[in-house]
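Colleague:
2 protein chains.
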Amino acid sequence: MAEFMTETKQWPAGPPGTGEPPMPAVRPRPAREGGPLLDGDGNEATAVLDRARASVDPELRAAVDSLPGAMRRIARYHFGWEHADGTPAAGNAGKAIRPALVLTAAAALGGPGARRAALRAAAAVELVHNFTLLHDDVMDRDTSRRHRPTAWTVFGVSDAILAGNALQALALRLLAEGPNPASRAAVTRLADCVAELCEGQHADTTMEERAADEVTLDEVLVMAEAKTGALLGCACALGGLYAGAGEEEVAALDRFGRQAGLAFQLIDDVIGIWGDPDRTGKPAGADLAARKKSLPVVAALTSGTAAATELAELYGRPYDEKDLERTALAVERAGGRDWAQVQAADRMSRAMQELARAVPDPEAAGGLLALAEFVTRRSS
Amino acid sequence: MAEFMTETKQWPAGPPGTGEPPMPAVRPRPAREGGPLLDGDGNEATAVLDRARASVDPELRAAVDSLPGAMRRIARYHFGWEHADGTPAAGNAGKAIRPALVLTAAAALGGPGARRAALRAAAAVELVHNFTLLHDDVMDRDTSRRHRPTAWTVFGVSDAILAGNALQALALRLLAEGPNPASRAAVTRLADCVAELCEGQHADTTMEERAADEVTLDEVLVMAEAKTGALLGCACALGGLYAGAGEEEVAALDRFGRQAGLAFQLIDDVIGIWGDPDRTGKPAGADLAARKKSLPVVAALTSGTAAATELAELYGRPYDEKDLERTALAVERAGGRDWAQVQAADRMSRAMQELARAVPDPEAAGGLLALAEFVTRRSS
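Residue numbers (full-length UniProt numbering), protein chains in the order written: chain A, 1 to 380; chain B, 1 to 380.
Below, the structure written as structure tokens:
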């Protein structure tokens, strides 16, 4: 999830390796519900995201402004609304993918009224996302986020943790306070999601400390679903809940978000090895250099091939740049790259099936489809 | 709050220094609502606490058992239900002061039915308390809690933080899910309390990094109220909410808990300087040795006396055991000890006024009175 969370990366033009889209392209279609005019495939998601950001920001700012002084200051810095000294900043609060999923799912099932009703859920999900970013940056010792120093490097570790805690409280409070009959079920889902995110982060950090050959593919998939899929699924489910959708639809929306999240993670992991440094903004093979147990790597390591043995041996050594090409080749020859790409396509196809179950009208499902495409193969 | 939170300390027989009780003693009275028989002043609070622990534990255990695997394991260790290897432990989950305040406040205003209804609120407050303990131990680098190694020393810093996060989510979920019409207001209060606890912990950690003469008495009082008073106040208020009490009564209960919490902190700070090592289990003058900016110290430093100047000079030096007696004497001569004792008595008297406002019937208020006495002058 770390890569997705940084939200600063440039993406390659198509899905890695294949040149084939993993799912049907979205056709241009007329704007609905007073939404922005769309000018083609690539821009639909951007328009949806921009509109979500514009809708959710006032709600988010009002929530953050209700915090006590120090917590508010750290949160406002983290969201990019203020500099460290408290002066206003231009603001880059991220791409608003989760709020967009909430609002788009609500609109798909309940129209503009449901979209409005779901605004507080969109803000709550974004608060939880940012609470995990504040904490993950501490745990992963990441020093940069959205092109700025991370909060813990500016305010210290304790303050970044405390501000994250305050954002979690704010998120669940926002949901619980709403007049919507879905409030109670929404709190349950979001609180369970927080627990799953924590379990996922735990799995991620402990996995990185274990020997490469001790990690199973199932473990990494469960971890990726918890860290990446759970909150995307929860966002979609909350949108459904606020639209008054039934249990079946809500559960299908959750699975849609989870599968799309897994597809994203698989592709992100492929890019982490074979991505073009000019586009990713990271050195080639960064994940291999960091000995990351990413999905293609673990798939390769557990393939039982001769290349797996070679890869395990390479991963057991300290990083040496001259081995990089050979390491990437070993992952590829052990089938790690193909496996990840087939899995990603499979996950997207499952996501589409769940989406059709939750929102049978393809016209109404268009926004969610565009967002799923966006997170798995951004063209900009 | 750290001292209160450790819940391992032995307390002196009476309020420090004066030999006078800061508030009227509680008289033995017949048990109500099927409660335990009471055998005198000192044991009433213990009986209330034991009963609260017995009532809240099944609720707590069920909640914790709903967490995903690793989060559950860390939480079960932290609560003392399991050893680090997952085998059952005798269990010392603390004195259950906060759950007891919730349940006793509910019973005082709504009888046994309200007490039962408030069980999930009691569990929620205890979950929040333990979430802050997990995090505070990390931030304060405390290695021991309830006579066992702290969770972060066993599972690592990240896991202790993550488990704390999961407990917060669980707490707010428990409240939101309940069928009680008070649920929504209860979530708001508990979430706001979490934000205040975080702000208080922030103030505490940053204050310790500042020069002693930069800290004002007001700042320390606000910090102590946020760290110690807020959750005690919230516990009482939640009890009132679940008993269907009106806004006035609930607000008075909150103020009662806050004032009692401040009285506790003042007395705890006095003990931290002049407490008997045999009873406190800590070396004499431990807080002075650690250069803690406790309430009596800051009162002394800001007194404008000659002793204040001497104290500031001593606090500016690295700790040297031979200066300990002189430092304690400087706090005393600058009026820090007297101030803290007068303040503590004043806070307890304010607490009593608020209690009378919230629960006018002295018989019904007895349990809360006993708990307030207990936290400010334990005789066992």
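Quick reminder that beta carbons are idealized off the backbone N, C-alpha and C, glycines included.
By the DSSP assignment, the alpha helix (DSSP H) with B/TRP152 in it spans what residues?
Modeller: For this step, residue 152 of chain B is matched to residue 152 along the second sequence. Note, B/TRP152: alpha helix (DSSP H), 151-155.
Colleague: Alpha carbons only, please: which of B/SER349, B/VAL298, B/ASP346 is nearest the one belonging to B/ALA330?
Modeller: On the second sequence, position 330 is the one that residue 330 of chain B refers to. The option with the nearest alpha carbon to B/ALA330 is B/VAL298.
Colleague: Identify whether B/PRO58 lies in helix, strand or coil by the three-state DSSP scheme.
Modeller: As a working note, residue 58 of chain B is residue 58 in the second sequence. Note: B/PRO58 maps to helix in three-state DSSP.
Colleague: Which residues does DSSP list as the beta-bridge partners of B/PRO88?
Modeller: Counting from one through the second sequence, the residue named residue 88 of chain B turns up at place 88. B/GLU82, per the DSSP bridge assignment.
Colleague: Taking Cβ positions only, does A/ASN130 come closer than 9 Å to chain B?
Modeller: Numbered from its first residue, the first sequence carries residue 130 of chain A at position 130. Answer no: the Cβ-Cβ gap between A/ASN130 and chain B never drops below 9 Å.
Colleague: Throw me the rounded Cβ distance for the B/ALA151 and B/HIS202 pair, which I believe falls under 8 Å.
Modeller: Taking the second sequence and counting its residues from 1, one reaches residue 151 of chain B at position 151. Taking the second sequence and counting its residues from 1, one reaches residue 202 of chain B at position 202. Rounded, the Cβ-Cβ distance is 21 Å, inconsistent with contact.
Colleague: Just the chain B side, please: which residues come within less than 9 Å of A/ASN180 by C-beta, in chain order?
Modeller: Position 180 of the first sequence holds residue 180 of chain A. Neighbours of A/ASN180 on chain B: none; closest Cβ ~11 Å, over 9 Å.
Colleague: If I measure Cβ to Cβ from A/PHE264 and keep anything under 7 Å in the same chain, skipping five residues before and after, which residues do I get?
Modeller: For the purposes of this step, residue 264 of chain A is taken as the residue at position 264 of the first sequence. Within the same chain, A/PHE264 has close Cβ partners PHE4, THR228, VAL375, THR376.
Colleague: The segment 43-59 of chain A: which residues have C-beta closer than 7 Å to a C-beta of chain B, in chain order?
Modeller: So the list is empty, because no residue satisfies the distance condition.
Colleague: Among A/PHE256, A/GLY246, A/ASP136, A/GLN353, whose alpha-carbon lies nearest the alpha-carbon of A/ALA182?
Modeller: Taking the first sequence and counting its residues from 1, the one referred to as residue 182 of chain A is at position 182. Closest by alpha carbon: A/GLY246.
Colleague: Using 9 Å as the threshold, is the C-beta distance between A/GLY367 and A/THR104 below it?
Modeller: Position 367 of the first sequence, counted from the first residue, corresponds to residue 367 of chain A. Position 104 of the first sequence, counted from the first residue, corresponds to residue 104 of chain A. Yes. Within cutoff.
Colleague: Within its chain, find whatever has a CB closer than 6 Å to the CB of A/PRO21; leave out the 5 residues flanking it on each side and keep chain order.
Modeller: Along the first sequence, one-based indexing puts residue 21 of chain A at 21. Any reading at A/PRO21 is ruled out, since the residue's pLDDT is 34, under 50, leaving its predicted position unreliable.
Colleague: If distances are taken between C-alpha atoms only, which option among B/ILE161, B/THR132, B/ARG258, B/ARG184 comes closest to B/ARG197?
Modeller: For the purposes of this step, residue 197 of chain B is taken as residue 197 along the second sequence, with counting starting at 1. In the sequence on display, residue 197 of chain B carries Leu and not Arg. Residue B/THR132 is the option with its Cα nearest to B/LEU197.
Colleague: Leaving out five residues on either side along the sequence, give the residues of the same chain with a beta carbon under 8 Å from the beta carbon of A/MET139.
Modeller: Your numbering for residue 139 of chain A matches position 139 in the first sequence. Closer than 8 Å at the Cβ level, and outside the excluded window around A/MET139, lie GLN201, THR205.
Colleague: Give every residue of the same chain whose Cβ lies closer than 6 Å to the Cβ of B/VAL359, excluding the five residues on either side of it in the sequence, and list them in chain order.
Modeller: Looking up residue 359 of chain B in the second sequence gives position 359. ALA108, ALA365.
Colleague: Mind checking if A/ARG184 is an interface residue toward chain B, Cβ cutoff 9 Å exclusive?
Modeller: Reading the first sequence from its first residue, position 184 is the one you call residue 184 of chain A. For A/ARG184, the answer is yes, since a Cβ of chain B falls inside 9 Å of its Cβ.
Colleague: Assuming A/THR132 is part of the alpha helix (DSSP H), what are its boundary residues?
Modeller: Working through the first sequence from its first residue, we reach residue 132 of chain A at position 132. Its alpha helix (DSSP H) spans residues 119-140.
Colleague: Quick check: is the beta carbon of B/PRO15 nearer than 9 Å to any beta carbon in chain A?
Modeller: Numbered from its first residue, the second sequence carries residue 15 of chain B at position 15. Its pLDDT being 34, under 50, B/PRO15 is placed unreliably in this model, and the coordinates cannot settle the point.
Colleague: List, in chain order, every chain B residue whose beta-carbon is nearer than 8 Å to that of A/VAL359.
Modeller: For the purposes of this step, residue 359 of chain A is taken as residue 359 along the first sequence, with counting starting at 1. Those within 8 Å of A/VAL359 in chain B number zero; the least Cβ separation is about 27 Å.
Colleague: According to DSSP, is A/VAL158 part of a helix, a strand, or is it coil?
Modeller: Position 158 of the first sequence holds residue 158 of chain A. Residue identity differs from the one stated: residue 158 of chain A is Ser in this sequence, not Val. In the structure shown, A/SER158 sits in a helix (DSSP, three-state: H, G or I).
Colleague: Since A/ARG145 sits in a beta bridge, which residues does DSSP pair it with?
Modeller: Reading the first sequence from its first residue, position 145 is the one you call residue 145 of chain A. Beta-bridge pairing links A/ARG145 to A/ARG148.
Colleague: Here's the rule I'm using: 16 or more other beta-carbon atoms within 10 Å means buried, otherwise exposed. How should A/HIS129 be labelled?
Modeller: Counted from its first residue, the first sequence places residue 129 of chain A at position 129. Buried is the call here.
Colleague: Could you compute how far the alpha carbon of B/LEU311 sits from the alpha carbon of B/ALA191?
Modeller: Translated into positions along the second sequence, residue 311 of chain B becomes position 311. Translated into positions along the second sequence, residue 191 of chain B becomes position 191. Those two C-alpha atoms are separated by around 39 Å.
Colleague: I'd like to know if the segment 304-324 of chain A and the segment 214-227 of chain A are in contact, where contact means that at least 3 CB-CB pairs between them fall below 8 Å.
Modeller: No, the segment 304-324 of chain A does not touch the segment 214-227 of chain A.
Colleague: Give the residues of chain A in contact with B/GLY69, contact being defined as C-beta atoms less than 8 Å apart.
Modeller: As a position in the second sequence, residue 69 of chain B is number 69, starting the count at 1. What B/GLY69 touches in chain A: GLU199.
Colleague: Going by beta-carbon coordinates alone, are B/ARG98 and B/GLU126 separated by less than 9 Å?
Modeller: For the purposes of this step, residue 98 of chain B is taken as the residue at position 98 of the second sequence. For the purposes of this step, residue 126 of chain B is taken as the residue at position 126 of the second sequence. Yes, they are a contact pair.
Colleague: By the criterion of Cβ-Cβ separation under 8 Å, what are the contact partners of B/SER158 in chain A?
Modeller: Position 158 of the second sequence, counted from the first residue, corresponds to residue 158 of chain B. Those within 8 Å of B/SER158 in chain A are MET139, GLN201, HIS202, THR205.
Colleague: Using only the alpha-carbon positions, how far apart do A/TRP81 and A/GLY91 sit?
Modeller: Position 81 of the first sequence holds residue 81 of chain A. Position 91 of the first sequence holds residue 91 of chain A. For A/TRP81 and A/GLY91, the distance between alpha carbons rounds to 5 Å.
Colleague: Rounded to whole angstroms, what's the CA-CA distance from A/SER349 to A/ALA224? Just pull it up for me.
Modeller: Position 349 of the first sequence holds residue 349 of chain A. Position 224 of the first sequence holds residue 224 of chain A. Cα-Cα distance, rounded: 18 Å.
Colleague: Among the candidates A/GLU208, A/ALA243, A/GLU354, A/VAL56, whose CA atom is the shortest distance from the CA of A/ALA114?
Modeller: Taking the first sequence and counting its residues from 1, the one referred to as residue 114 of chain A is at position 114. Selected option, being the one with the closest Cα: A/ALA243.
Colleague: Might you give, ordered along the chain, the residues of its own chain that have their beta carbon closer than 7 Å to the beta carbon of B/VAL56, omitting 5 neighbours on each side?
Modeller: The residue given as residue 56 of chain B occupies position 56 in the second sequence. Counting only Cβ-Cβ distances below 7 Å, and skipping sequence neighbours, we find ALA96, PRO99, LEU119, ALA122, ALA123, GLU126.
Colleague: What would DSSP say about A/LYS293, mapped onto helix, strand or coil?
Modeller: The count along the first sequence starts at 1 and reaches residue 293 of chain A at position 293. DSSP places A/LYS293 in coil when its eight states are reduced to three.
Colleague: With a threshold of 7 Å on Cβ separation, who are the neighbours of B/PRO30 within its own chain once the five nearest residues in sequence on each side are excluded?
Modeller: In the second sequence, counting from the first residue as 1, residue 30 of chain B sits at position 30. Unreliable positioning characterises B/PRO30 in this predicted model, as indicated by a pLDDT of 38, which lies under 50. A coordinate reading is not provided.
Colleague: Are the C-beta atoms of B/HIS135 and some chain A residue less than 9 Å apart?
Modeller: In the second sequence, residue 135 of chain B corresponds to position 135, counting from 1. It does; some Cβ of chain A falls within 9 Å.
Colleague: Using a threshold of 9 Å, state whether the C-beta atoms of B/LEU238 and B/VAL102 are closer than that.
Modeller: Here residue 238 of chain B refers to the residue found at position 238 of the second sequence. Here residue 102 of chain B refers to the residue found at position 102 of the second sequence. Contact: yes.
Colleague: Got a sec? Which residues, its chain only, sit under 8 Å from B/MET207 by beta carbon, not counting five neighbours each side?
Modeller: Taking the second sequence and counting its residues from 1, one reaches residue 207 of chain B at position 207. Cβ neighbours of B/MET207 beyond the five flanking positions: VAL215, GLU219, VAL220, MET223, LYS293.
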